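My numbering applies: residue 20 is where the sequence shown begins, and numbers increase by one.
Beta carbons: idealized from backbone N, C-alpha and C, even for Gly.
Bear in mind that the values here come from a model prediction, so they are computed numbers and not experimental data.
A short worksheet on the structure shown next.
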Amino acid sequence: MAAAARGAPPPSVAVIILVFLLSLLGSLPLVSRYHLDEGWYTNAAIQMVQSGDYVTPRYADGSLRFRKPILTYWV
């Protein structure tokens with residue numbers, strides 16, 4: 020009872036948290052910090068900076084790239 024009087028959580032809360040964290044551990048390799056298409060957006064942004072043209076996104080070969088709104092490249 021001394022632990023409960025001091026405001027410590029009951030052991031059942033600690034067990035629930037531990038089970039929750041262990042269940043997440045198995046899915047960690049499946050989660051990626053990067054999306055597969057991130058390189059495309061990064062490349063377009065790099066092309067904008069190198070050319071000085073911040074309005075016209077281009078592919079690496081110089082062709083125009085207007086399938087997405089320009090804001091996605093600026094972000």
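Whole-Å CB distance - residue i paired with residue j, under 8 Å assumed
| i | j | result |
| --- | --- | --- |
| Val68 | Ile89 | Actually they do not touch by this definition, with Cβ atoms about 14 Å apart. |
| Arg84 | Tyr78 | 5 Å |
Cβ neighbour criterion (16 or more within 10 Å) applied to residue i
| i | result |
| --- | --- |
| Pro76 | buried |
| Ala27 | exposed |
| Ala33 | exposed |
Rounded separation between residue i and residue j - CA only
| i | j | result |
| --- | --- | --- |
| Gly58 | Leu43 | 28 Å |
| Leu40 | Tyr92 | 36 Å |
| Tyr60 | Val38 | 38 Å |
| Val94 | His54 | 15 Å |
| Gly45 | Gln66 | 39 Å |
| Ser106 | Pro48 | Beyond the ends of the chain as shown, which are 20 and 94, falls residue 106; an answer cannot be given. |
| Asp80 | Ile36 | 51 Å |
Residue i: first and last residue of the uninterrupted alpha helix (DSSP H) it sits in
| i | result |
| --- | --- |
| Thr75 | From DSSP, Thr75 is part of no alpha helix (DSSP H); its letter is neither H nor E. |
| Ile89 | Per DSSP, Ile89 belongs to no alpha helix (DSSP H) and is neither H nor E. |
| Leu37 | Pro30 to Leu44 |
Cβ of residue i within 8 Å of any chain D Cβ
| i | result |
| --- | --- |
| Ala63 | Included in the structure is just one protein chain, with no chain D present. |
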